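Enquirer: Per the numbering used here, the sequence shown runs over residues 58 to 357.
C-beta atoms are modelled at their ideal positions from N, C-alpha and C, and glycine is treated no differently.
Since this is a predicted model, take the numbers as computed values, not measurements.
Shown below is the structure under consideration.
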Amino acid sequence: MKERFLAIVNPAAGGGRSVKQAGPAIVRLRKEGLHVDVIASTGPGHAAELAREAYEQGYRRFIAVGGDGTAHEILNGVLVNARATSRISLGFLPLGTGNSFLRDFAQNGAEAALQALLTRRKRAVDLLRLAHSAGELYSFNLLSVGFTADVAALTNRRLKSLGSFGYLLGVFARVIQLRRRAFVLRCDDDKNWDERRCLFLTFNNSKYTGGTMLIAPQADPTDGFIEFVRWGPIGRVGLLRMLPRLYDGTHVEHPLASRRAVRHVEFNLPVPVDVMIDGEMATLQGRSLDVIPGAVDVYI
58 MKERFLAIVN
68 PAAGGGRSVK
78 QAGPAIVRLR
88 KEGLHVDVIA
98 STGPGHAAEL
108 AREAYEQGYR
118 RFIAVGGDGT
128 AHEILNGVLV
138 NARATSRISL
148 GFLPLGTGNS
158 FLRDFAQNGA
168 EAALQALLTR
178 RKRAVDLLRL
188 AHSAGELYSF
198 NLLSVGFTAD
208 VAALTNRRLK
218 SLGSFGYLLG
228 VFARVIQLRR
238 RAFVLRCDDD
248 KNWDERRCLF
258 LTFNNSKYTG
268 GTMLIAPQAD
278 PTDGFIEFVR
288 WGPIGRVGLL
298 RMLPRLYDGT
308 HVEHPLASRR
318 AVRHVEFNLP
328 VPVDVMIDGE
338 MATLQGRSLD
348 VIPGAVDVYI
């Protein structure tokens, strides 16, 4: 069983494109000698359940066939639900809409990920572990609160069927409804709590989010640090001018922006808040965030 892969396919990823493209890709892997079993998820949370059951059956190598959300569910299905004690490996067939994580390593998406599986090329990458009032979650891409999470929440809950246009609508709706509030925290050896209002906070393991937004240009998923990007309480006009800069990473040069590399974040949140985790949404009362260096082997 240790030499077998389980490919978990999210049929809904990429607007249904994932299920159409998965077959030829898996056939190619099998022709090159990989032993790949395949199963499809049927809805949100099902990939996590499938990964947990597979781990308990002896699988240690997984392939996420879909977007970042599929990989997120697989990792949490194993690390949280199955309470893994043996190391796992994760490959990608990035056929979803986001696929942000792999952009740190290659720009040619699915083909590069496929080649990594074919050549058994993998490396250890970090994970972020969020402890919250009801348990814990793991992230391989990023966690974000504030404006970025507000946009993602609106898009995922009401506008997802509209695709990229729905995301654009979500951005402009949240600009109109702009909220700038405090998420009280302190990092590493900080003595004082940071109670300043902000536009958003992101805690990044890798550079990109939303597919092409270079939200954390100095992030490195192998360096043992969380790249913490903070944006102060910018106004609506300034925000609209700044939005294009999220795509080339120059937003961090703005006077209201700051970044630092940290290993531990402690939160003091009185109530649950919307959190974007690897492109997925959750409402959580975060307690702490830590980096787990080299926690998982990824085929990249």
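(1) Can the beta-carbon of residue 203 be found less than 8 Å from the beta-carbon of residue 282?
(2) Who are the Cβ neighbours of residue 285 in its own chain at under 6 Å, not counting the five residues just before and after it?
(3) Indicate, with yes or no, if the ligand FAD has a heavy atom lying under 7 Å from the CB of residue 337.
(4) For residue 138 and residue 109, what's the separation of their Cα atoms in angstroms?
(5) Please go through the stretch 105 to 134 and give each complete beta strand (DSSP E) segment of 3 or more residues, from N-terminal end onward.
(6) Could you check which residue in 185, 157, 156 and 107 has the C-alpha nearest to that of residue 352?
(7) Taking the alpha helix (DSSP H) that residue 177 falls in, what are its first and last residues?
(8) Quick one: is residue 249 buried, meaning 16 or more other Cβ sit within 10 Å of its Cβ, or exposed?
(9) To the nearest angstrom, how far is the alpha carbon of residue 128 from that of residue 356?
(10) State yes or no: is the C-beta of residue 230 within less than 8 Å of the C-beta of residue 200?
(11) Could you check where the beta strand (DSSP E) with residue 356 kicks off and where it finishes?
(12) If we count Cβ pairs, one from each stretch, closer than 8 Å, do we get three or more for the stretch 233 to 243 versus the stretch 113 to 123?
(13) With a Cβ-Cβ cutoff of 8 Å, do residue 198 and residue 263 count as a contact?
(14) Leaving aside the five residues before and after residue 163 along the sequence, list all residues of the same chain whose C-beta is less than 8 Å from its C-beta, in chain order.
(15) Identify, in the order they occur along the chain, each residue of the same chain with its Cβ nearer than 6 Å to the Cβ of residue 335, setting aside the five sequence neighbours on each side.
(16) Which same chain residues end up closer than 7 Å to residue 245 when comparing Cβ atoms and leaving out the 5 residues on each side of it in sequence?
(17) Any chance you could list the beta strand (DSSP E) runs of at least 3 consecutive residues sitting entirely within the stretch 236 to 298, in chain order?
(18) What do you get for residue 191, buried or exposed, if any count of 16 or more other CB atoms within 10 angstroms of its CB means buried?
(19) Excluding five sequence neighbours on each side, which residues of the same chain lie with their C-beta closer than 8 Å to the C-beta of residue 240?
(20) Let me confirm a value: residue 305 is counted as buried when at least 16 other C-beta atoms fall within 10 Å, else exposed. Which label applies?
(21) Going by other Cβ atoms of all chains shown within 10 Å of its Cβ, with 16 needed for buried, is residue 358 buried or exposed?
(22) Assuming the contact rule is C-beta atoms closer than 8 Å, residue 148 and residue 181 should be a hit. Round their C-beta distance to whole Å, please.
(23) Can you list, in chain order, the residues of its chain with a C-beta nearer than 7 Å to that of residue 205? Leave out the 5 residues immediately preceding and following it.
(24) Give a yes or no on whether the C-beta atoms belonging to residue 216 and residue 226 are separated by under 8 Å.
Expert: According to the data block:
(1) no
(2) 260, 317 and 319
(3) Because no ligand of any kind appears in the structure shown, any question about the ligand FAD cannot be addressed here.
(4) 6 Å
(5) 118 to 123
(6) 185
(7) Residue 177 -> no alpha helix (DSSP H), and no H or E assigned at all.
(8) exposed
(9) 12 Å
(10) no
(11) 343 to 356
(12) no
(13) yes
(14) 169, 170 and 357
(15) 125, 129, 196 and 198
(16) 319, 320 and 321
(17) 242 to 244, 257 to 261 and 283 to 288
(18) exposed
(19) 202, 203, 255, 258, 324, 326 and 330
(20) exposed
(21) Because the chain spans 58 through 357 in this model, residue 358 falls outside it and cannot be assessed.
(22) Not a contact, Cβ separation roughly 14 Å.
(23) 257, 259 and 333
(24) yes
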